[in-house]
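Only one structure is covered here, and it is reproduced in the block below.
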Amino acid sequence: MELLDLPVEILVLLPNHLHNIEDFKNASSSCRTLRNAFWETDPHQILQLAGAASRTFFRPDPYFLIAATVRQVRDWALESQDNSDVLRQAFMCGIEGLYDLCIAKASLTMDDIRRLHAMRFTTLNPVADLIDKAADQIALEHALASRRWREAWERVRYQVGEDFEEEWRQSLWHSTVECQGLEGLEMLTPAGLEKWRPKLVEMRTQIKNLKEKPEMYRFGRHFAFEYPHLAKEVLVSIGGYGSNR
């Protein structure tokens, strides 16, 4: 009996025994039978296969796959206090701990894989110079304060509207634009900016209509806003959590 003579119920199990996402792609494109069988592959298994090839196809490893799946992990963590504790423990184990949790709890479809592959050329490569300069947390703080990084995002914001006069409102607008995850980097490309324009206009309007200034919270020696603020959170991360005493 040849492979393709096996029942579909067995063929759909083959991805569980493949080495990585490249094997999956090659096998599914080899014939209609396998393509139809692999169509039912669980997205979590697809992510497992992608993780096995992360050092080759999803560089920078493991940051690329973390960025692609971390929102799913965030939603999972918010489901219960136990889940939140697991995420906190993953952070304490460093980038590898967070990566392992993303691989364990998230999932990707083949459409997601294709989108991520395309983003490498349409989005990540245009901002590769900025990413390369962020070799570690100290360098990341420098990159976020550099003229090239600031001007790139200023051009995005100016395409949507003028700066806010109130400092806290402008800070929130500045942070909101930059903190849109991996896909948000598309805004740094002309085509990506047009794609994001309706969402940006919506977010700016929401900020304009806010009645109260967001609160700040103390983290060790530093204060941070209750909303995501990349530069401030990098400062907190590299500055430690000890007291001033």
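Numbers in the numbering used here are just positions in the sequence shown, counted from 1, shifted up by 310. We treat Cβ as the ideally placed atom computed from N, Cα and C, and that holds for glycine. All values reported here derive from a predicted model rather than from experimental measurement.
Handout entry: Residue environment, Arg-555, which counts as buried when at least 16 other CB atoms sit within 10 Å
Key = Counting from one through the sequence shown, the residue named residue 555 turns up at place 245. Per-residue confidence for Arg-555 stands at a pLDDT of 39, beneath the threshold of 50, marking its modelled position as unreliable; the derived number appears in the next sentence. Residue burial annotation: Arg-555 is exposed, with fewer than 16 other C-beta atoms found within 10 angstroms of its C-beta.
Exercise for the section: Kindly give me the distance between the Cβ atoms of Phe-368 and Ala-360, rounded to whole angstroms, as I take these residues to be in contact under 8 Å. Expected result: The residue given as residue 368 occupies position 58 in the sequence shown. The residue given as residue 360 occupies position 50 in the sequence shown. With a Cβ gap of about 6 Å, Phe-368 and Ala-360 count as contacting.
Problem - Where Leu-314 sits in the DSSP three-state scheme - result: Taking the sequence shown and counting its residues from 1, the one referred to as residue 314 is at position 4. Helix at Leu-314.
Problem - Residue from Ile-331, Leu-344, Lys-335 whose Cα sits closest to the Cα of Glu-312 - result: Working through the sequence shown from its first residue, we reach residue 312 at position 2. Shortest Cα-Cα distance from Glu-312 to any of Ile-331, Leu-344, Lys-335 involves Leu-344.
Problem - At least three beta-carbon pairs within less than 8 Å, the segment 404-417 to the segment 375-390 - result: Remark: three or more beta-carbon pairs, one from each stretch, lie closer than 8 Å, so the segment 404-417 and the segment 375-390 are flagged as touching.
Practice task
Pick helix, strand or coil for Ser-553, following the three-state DSSP scheme.
Solution key: The residue you call residue 553 lines up with position 243 of the sequence shown. With a pLDDT of 46 at Ser-553, under the threshold of 50, the modelled position of that residue is not reliable, and the figure given next carries that caveat. Looking at Ser-553 - three-state DSSP - the assignment turns out to be coil, as it is neither helix nor strand.
Problem - One or two residues paired with Arg-425 in a DSSP bridge - result: Taking the sequence shown and counting its residues from 1, the one referred to as residue 425 is at position 115. According to DSSP, Arg-425 bridges with nothing at all.
Problem - Backbone secondary structure at Tyr-409 - three-state DSSP - result: In the sequence shown, counting from the first residue as 1, residue 409 sits at position 99. The answer is helix: DSSP assigns Tyr-409 an H, G or I state.
Exercise for the section: Measure the Cβ-Cβ separation of His-427 and Ser-485 and say whether it is below 7 Å. Expected result: Indexing the sequence shown from 1 puts residue 427 at position 117. Indexing the sequence shown from 1 puts residue 485 at position 175. Against a cut-off of 7 Å, the Cβ pair of Ser-485 and His-427 comes out as no contact.
Practice task
Tell me, to the nearest whole angstrom, how far the beta carbon of Ile-413 is from that of Gln-355; I am working on the premise that it is less than 8 Å.
Solution key: Residue 413 sits at position 103 when you count from the first residue of the sequence shown. Residue 355 sits at position 45 when you count from the first residue of the sequence shown. A Cβ-Cβ distance of about 11 Å is found for the pair Ile-413 and Gln-355, leaving them out of contact under the 8 Å criterion.
Handout entry: Span of the alpha helix (DSSP H) around His-484
Key = Walking along the sequence shown from the start, residue 484 turns up at place 174. From DSSP, the alpha helix (DSSP H) with His-484 extends over 477-488.
Practice task
For the alpha helix (DSSP H) containing Ala-400, list its first residue and its last residue.
Solution key: Residue numbering aside, residue 400 sits at position 90 when the sequence shown is read from its first letter. In the DSSP assignment, Ala-400 falls within the alpha helix (DSSP H) that extends over 391-402.
Practice task
Could you round the C-beta distance between Ala-337 and Gly-491 to whole angstroms and report it? I think they count as a contact, below 8 Å.
Solution key: By 1-based counting over the sequence shown, the position of residue 337 is 27. By 1-based counting over the sequence shown, the position of residue 491 is 181. Going by Cβ atoms, the distance from Ala-337 to Gly-491 rounds to 31 Å, so no, they are not a contact pair.
Exercise for the section: Would you tell me roughly how many angstroms separate the C-alpha atoms of Leu-495 and Pro-317, rounded to the nearest one? Expected result: Within the sequence shown, the letter at position 185 stands for residue 495. Within the sequence shown, the letter at position 7 stands for residue 317. For the pair Leu-495 and Pro-317, the Cα-to-Cα distance works out to about 44 Å.
Exercise for the section: Could you check how far apart the C-beta atoms of Asn-612 and Ala-400 are, in whole angstroms? I think they sit under 8 Å. Expected result: In the structure as shown, the chain begins at 311 and stops at 555. Residue 612 is therefore absent and cannot be evaluated.
Problem - According to DSSP, residues forming a beta bridge with Phe-533 - result: By one-based count along the sequence shown, residue 533 stands at place 223. Arg-528.
Practice task
Starting from the C-beta of Val-511, find all residues in its chain whose C-beta is less than 7 Å away, skip the five residues before and the five after it, and write them out in chain order.
Solution key: Working through the sequence shown from its first residue, we reach residue 511 at position 201. Only Val-470 meet the Cβ criterion.
Problem - Cβ pair Glu-488, Trp-463 closer than 7 Å - result: Looking up residue 488 in the sequence shown gives position 178. Looking up residue 463 in the sequence shown gives position 153. Between Glu-488 and Trp-463, the gap from beta carbon to beta carbon is short of 7 Å.
Practice task
Please classify Ala-501: is it buried, with 16 or more other beta-carbons within 10 angstroms of its beta-carbon, or exposed?
Solution key: Indexing the sequence shown from 1 puts residue 501 at position 191. Answer is exposed; the Cβ neighbour count stays below 16.
Exercise for the section: Out of Ser-364, Asn-346, His-532, Asp-315, state which residue places its alpha-carbon closest to the alpha-carbon of Glu-332. Expected result: In the sequence shown, counting from the first residue as 1, residue 332 sits at position 22. Nearest option by C-alpha distance: Ser-364.
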